[in-house]
Amino acid sequence: MSNHRVLSKLKEHAMNDLNNKPSSFKQWIILEVTEHNKLLSQVAKEHGISAKKIYQWIKASQSSKCKQQDDIIGEIALLQQKLAHLNKQLSHLQQ
């Protein structure tokens, strides 16, 4: 097997490892950048991860948080409607 092919296989294996990191590890890396105000490039260098990969993790995390917020806002609106309806029913029963 040629050196080029071996290097290619090693690189492929390393990328698969990065994609399969536990979510707690990814969350820690994301927090270092977003909450602890460390430079993305510094965190990447400290952990031996490409800055591009960390950026992708941060973007995916933000997208997930936005969806969760949208879901929560929708649930709150639905609960407010139900509460208004129940208050109306209660008002009618008290009369």
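Read in my numbering, the sequence shown has 418 at position 74, and its numbers run on one by one without any break.
Positions of the beta carbon are idealized from the N, C-alpha and C atoms, including for glycine.
Taking the Cβ atoms as the reference, I402 lies roughly 10 Å from V387, outside the contact range of under 8 Å. Inclusion of E376 and K370 in the CB contact set at 8 Å is not warranted, their separation being larger than that value. In this structure, the beta-carbon distance from A395 to S407 does not fall below 8 Å.
In the structure shown, H391 falls within a helical segment according to DSSP collapsed to helix, strand and coil.
The three-state secondary structure of N431, taken from DSSP, is helix.
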